[in-house]
Amino acid sequence: MSVVEKVRNGERIGMEDALALYELDLFTLGELADEKRRAMHGKKTYFNINRHINPTNVCKDVCKFCAYSASRKNPNPYTMPIEEIVETAQKAWEHGAKEVHIVSAHNPEAGLEWYLGMFRAIKEALPDIHVKALTAAEINFLAEEYGLSIDEVLDAMVENGVDSMPGGGAEIFDEKVRDYICKGKVTSKGWLDIHRKWHERGRKSNATMLFGHVEKREHRIDHMLRLRNLQDETGGFNCFIPLVYQRENNFLKVESFPTGQEILKTMAISRLVLDNIPHLKAYWVTATINLALIAQEYGANDLDGTIERESIQAAAGAKSAHGMPLDDFVHLIKDSGFVPVERDSLYNELKVW
Ligand code: SF4
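Reminder that position 162 of the sequence shown reads as 161 in numbering that gives the first Met the number 0, one-by-one numbering, no gaps.
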């Protein structure tokens, strides 16, 4: 049976099948992914009104691909006082944001109370805002730095007002590639265990994959399959987000970058392999808005949000990293033939625009 028939019969895709999907022409692959997307979500494209806050860039880790950390290529270290973080969240709330997405570096000088106190302070000021915060990599750092178990950190997050976890820090699970690009960061197993434990608390999270650097296609598929296995167990992932590697200002020596075709193929294959993760996000900050809009026809049904301001990808050269007015965002989705649906952080529909 051909891989196309297998997909159309609704059979599960394994490593060999997924590699065969990469060999299909872009249009056939897009059609398959679009059939799956339509069956799951019709023409709806989800987004939310959110604010990214990156409270510190001081980091004890040394990921090669990083342009954000002050100890790598960024000459301007900063750590935001909690009052400034709350004020930023407050302003975002007044502008209609319903979520703050808070991720940052592994700052050994800030103290545990700074990390946890910011969530508590945000919730005290804005009880209804959704706090999506702390990647599994940050959680692992806090546990190691302060001699806590992962369970203790997760419980403290819940107690201090974190509602859901973002999907960052996953990078690429393959141990060899991971060692090369971000040795010292949470291990692949550690990343998956932390999400498992979070899901066991009845909480939701997302999952990312950083691609387009030194990894090969099979490493991407392996990454997806490890996520699919955990999702079979817990059902706790809302969304998968393939992030396109940004090439500037870092120590990773990458000579060839993925083409638009390769990015779209990876999106489409993600949709087909991850049959149990409901949403696939084209994160326009790293994919560029134009490619993200096209990705809607290659399986993606979520375009993240208006963001307002983003520092991590911007440091690595992402040109489209500074937010987008809501009206523009909605019009772009409509003009590309899809239905913009504003959602909350857990994918409850708030408004069909
Ligand atoms: S990617 Fe994150 S953990 Fe790695 S060096 Fe940069 S800020 Fe630190």
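We put the CB at the ideal spot given by N, CA and C, even for glycine.
| task | Give the secondary structure of glutamate 123 by DSSP, where H, G and I count as helix, E and B as strand, and everything else as coil. | result | Taking the first residue of the sequence shown as 1, we reach residue 123 at position 124. Here glutamate 123 sits in helix by DSSP.
| Out of Arg119, Phe337 and Arg225, which has the shortest C-alpha to C-alpha gap to histidine 40? | In the sequence shown, residue 40 corresponds to position 41, counting from 1. The residue from Arg119, Phe337 and Arg225 with its alpha-carbon nearest to that of histidine 40 is Phe337.
| query | Below 8 Å between beta carbons: does that hold for threonine 44 and alanine 104? | reply | Translated into positions along the sequence shown, residue 44 becomes position 45. Translated into positions along the sequence shown, residue 104 becomes position 105. The answer is no: Cβ separation not under 8 Å.
| query | Three or more beta-carbon pairs under 8 Å between the stretch 140-155 and the stretch 190-199, yes or no? | reply | The stretch 140-155, when compared against the stretch 190-199, does touch it at the 8 Å Cβ threshold.
| said: With a threshold of 6 Å on Cβ separation, who are the neighbours of glycine 167 within its own chain once the five nearest residues in sequence on each side are excluded? | reply: As a working mapping, residue 167 is identified with position 168 in the sequence shown. Non-local C-beta neighbours of glycine 167 in its own chain, meaning closer than 6 Å and more than five positions away in sequence, comprise Val102, Thr134 and Thr207, ordered along the chain.
| message | Using C-beta distances below 7 Å, list every residue in its chain close to tyrosine 114, excluding the 5 sequence neighbours before and after it, in chain order. | response | Counting from one through the sequence shown, the residue named residue 114 turns up at place 115. The beta carbon of tyrosine 114 sits closer than 7 Å to the beta carbons of Leu141 from its chain, once the five residues preceding and following it are set aside; these are given in chain order.
| From which residue to which residue does the alpha helix (DSSP H) around valine 2 run? | As a position in the sequence shown, residue 2 is number 3, starting the count at 1. Start and end: 2-7.
| message | Under 7 Å: does the beta carbon of lysine 182 sit that close to some heavy atom of ligand 1? | response | Translated into positions along the sequence shown, residue 182 becomes position 183. Lysine 182 has its Cβ no nearer than 7 Å to any heavy atom of ligand 1.
| Leaving out five residues before and five after glutamate 396 in sequence, what residues of the same chain have Cβ atoms less than 7 Å from its Cβ? | The chain is shown only over 0 to 352; residue 396 falls outside these bounds and no answer can be derived.
| message | Let me check you understand the geometry: is the CB of alanine 104 closer than 7 Å to at least one non-hydrogen atom of ligand 1? | response | Counting from 1 along the sequence shown, the entry for residue 104 is found at position 105. For alanine 104, the Cβ falls inside the 7 Å cut-off from some heavy atom of ligand 1.
| said: Considering only their Cβ atoms, is the gap separating leucine 111 from tyrosine 67 smaller than 8 Å? | reply: The residue given as residue 67 occupies position 68 in the sequence shown. The residue given as residue 111 occupies position 112 in the sequence shown. Contact check for tyrosine 67 against leucine 111 fails: the beta carbons are separated by 8 Å or more.
| Residue burial classification, tyrosine 297 (beta-carbon count within 10 angstroms, cutoff 16) | Translated into the one-based positions of the sequence shown, residue 297 becomes position 298. Per the 10 Å Cβ criterion, buried.
| request: In angstroms with no decimal places, state the Cα-to-Cα distance between glycine 183 and aspartate 60. | output: As a first step, residue 183 is located in the sequence shown; it is residue number 184 there, counting from the start. As a first step, residue 60 is located in the sequence shown; it is residue number 61 there, counting from the start. Distance between glycine 183 and aspartate 60, taken at the CA atoms: about 7 Å.
| said: I'd like the list of long-range same chain contacts for valine 85, defined as Cβ closer than 6 Å, with 5 residues on each side in sequence excluded. | reply: Within the sequence shown, the letter at position 86 stands for residue 85. Correct list, in chain order: Ala120, Ile121 and Ala124.
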